[in-house]
Amino acid sequence: MPLYEHVFIARQDLSNAQAEGLIEHFSTVLSDNGGKVVDQEYWGVKTMAYKINKNRKGHYAFLRTDAPAPAVQEMERLMRLHEDVMRVLTIKVEGHEEGPSVQMQKRDDRDDRRRERR
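Residue numbers (the numbering used here): 1083 to 1200.
Right, here's the structure in full:
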């Protein structure tokens, strides 16, 4: 099956638990349609470069999936209809990279730098 990477941004006024609940919800939609989630990451609340629907910040989530195209289309359709999801990006990839995403690696590097300064 084709491999995909998805990033979506949820509204900033959701709690962390609600944002992670969205990840679980869309993972379930994908698995119900014959796909599977290889990896998922919750990146937290981040400031956006510009306002989207009067929001300056949003909850970012990342999914790596192995799913047929109809399953991905259904998940994207439901994401776009969901009132808490502001943006969706899906990319078809040749293969998934091992380990955490670049976004999570940056956070780890920042933590290491803070420890070195002390």
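Built from N, CA and C at the ideal position, the CB exists for glycine as well.
Going by DSSP in three states, G1116 sits in which element: helix, strand or coil? Reduced to three states, the DSSP call for G1116 is coil.
Use the C-beta contact count for E1157: other C-beta atoms within 10 angstroms, 16 or more gives buried, fewer gives exposed. According to the sequence as given, residue 1157 is Met; it is not Glu. Counting Cβ neighbours within 10 Å, M1157 comes out buried, since at least 16 surround it.
Using a Cβ-Cβ cutoff of less than 6 Å, which residues in the same chain neighbour I1105 once the five nearest sequence positions on both sides are dropped? Result list for I1105: Q1122 and A1143, in chain order.
According to the Cβ coordinates, are L1085 and G1177 closer than 8 Å? Cβ atoms of L1085 and G1177: closer than 8 Å.
Taking just the CA atoms, how far does P1150 sit from N1115? If you take the alpha carbons of N1115 and P1150, they lie about 8 Å apart.
In terms of residues, what are the limits of the alpha helix (DSSP H) holding L1160? For L1160, the enclosing alpha helix (DSSP H) stretches over residues A1151 to L1163.
As a quick exercise: from V1127, T1110, V1120 and L1160, pick the residue whose alpha carbon is nearest that of N1098. Measuring from the Cα of N1098, the nearest candidate turns out to be V1127.
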